[in-house]
Amino acid sequence: MDVFMMIRRQKLTLFVDAKESSTVSELKKIIEGITKVPWNNIRLIVDSTKQPMDDDNQTLADCGLSGSVAKAYSPALLYLCYRKAGSDNEWEPIDVAELSTPPPLPEVFNKTDDDKKDNPQIAS
Amino acid sequence: MPTDASGATSSNAYGGLEGPESMYLKLISSDGHEFVVRRDFAVTASPTIKNMLSGPGQYSESQPNEIYLKDIPSHVLINVCRYFAYKAKYTNSSIDIPEFPIDTNVVLELLVASDFLDC
Chain A
1 MDVFMMIRRQ KLTLFVDAKE SSTVSELKKI IEGITKVPWN NIRLIVDSTK QPMDDDNQTL
61 ADCGLSGSVA KAYSPALLYL CYRKAGSDNE WEPIDVAELS TPPPLPEVFN KTDDDKKDNP
121 QIAS
Chain B
1 MPTDASGATS SNAYGGLEGP ESMYLKLISS DGHEFVVRRD FAVTASPTIK NMLSGPGQYS
61 ESQPNEIYLK DIPSHVLINV CRYFAYKAKY TNSSIDIPEF PIDTNVVLEL LVASDFLDC
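Right under this line is the structure:
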């Protein structure tokens with residue numbers, strides 16, 4: 001089964017898909033291919049469980065990422081952290097930039113009653 | 001010891017952002033968020049993106065595989081990327097196709113983006 005993931009760090013979001021049976025290390029290598037950060041300096045944390053994916057030999061299914069949970073239209077969210085430069089065991093904190101917010105909807109959307117006159121709400 | 005003259009083997013095994021046949025593309029929203037998606041998903045779904053990449057000459061989009069979508073904000077582009085994966089997965093599929101969920105707040109802007117991307 002394919003697992004679809006959104007991997008986020010600061011202003012970067014990677015949409016990656018992989019097999020449920022692939023390992024954590026393979027996923028990290030895919031991320032290395034894109035970000036050019038060596039895969040052993042990469043830490044992934046599953047948002048739904050808050051568990052870091054530190055065992056490189058586990059499969060994605062073992063980490064809770066299965067095809068039934070991680071859909072194409074609803075990918076599983078993972079956070080990406082890099083190892084802090086110059087230290088062996090310190091990782092960046094999770095830091096993800098907020099997305100933009102949509103503008104408020106015109107009132108037309110709020111009504112579900114029969115008031116369906118075609119009011120042109122164009123400011124001229 | 002293989003001499004990686006073109007640097008091809010190791011980087012192609014896991015895909016990346018380089019070269020004309022890179023596995024991934026980077027789409028950049030108006031507010032500077034970067035979204036990396038599978039190249040084949042984006043090109044199949046959007047003729048606009050396909051044309052941006054394969055146009056004649058050296059358009060800046062084609063070289064580093066980055067496309068600046070300065071009219072599309074990040075909260076819309078993230079839905080666009082979800083749609084690319086959804087379309088790629090369920091096109092020509094024999095299983096039941098689930099509905100694609102869209103937040104109502106985003107619908108109008110998503111419509112504008114889909115018109116631009118022709119998908």
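If you're matching them up, the sequences are chains A and B in order.
Here the first sequence stands for residues 1 to 124, where the numbers follow the UniProt record's numbering.
Here the second sequence stands for residues 1 to 119, where the numbers follow the UniProt record's numbering.
All C-beta atoms in this analysis are idealised placements derived from N, C-alpha and C, irrespective of residue type, glycine included.
No experiment lies behind these values; they were computed from the predicted model shown.
Put simply, the backbone Cα of V37(A) is about 11 angstroms away from that of R43(A).
The beta carbon of N51(B) does not come within 8 angstroms of any beta carbon belonging to chain A, so the residue lies off that interface.
C-alpha of W91(A) to C-alpha of L80(A): approximately 10 angstroms in a straight line.
At a beta-carbon threshold of 9 angstroms, none of the residues of chain A lie near I67(B); the nearest stands roughly 14 angstroms away. The residues V106, E109, L110, A113, in chain order, have a CB closer than 7 angstroms to that of V76(B) in the same chain once the five nearest residues on each side in sequence are set aside. Nearest Cα to D31(B) within the set S22(A), K19(A), K11(A): K11(A). Not flagged as an interface residue toward chain B: A76(A), since no C-beta distance is shorter than 8 angstroms. Between F4(A) and A70(A) the beta-carbon gap is near 5 angstroms, inside 8 angstroms, which marks them as a contact. Close to C81(B), with beta-carbon spacing below 7 angstroms, are these residues of chain A in chain order: F15.
I34(A) sits in a helix when the DSSP states are folded into three classes. Contact note: A113(B) does not reach chain A at a C-beta cutoff of 7 angstroms; the least C-beta distance is about 12 angstroms. For the C-beta of D31(B), the chain A residues within less than 7 angstroms are, from N- to C-terminus, S100.
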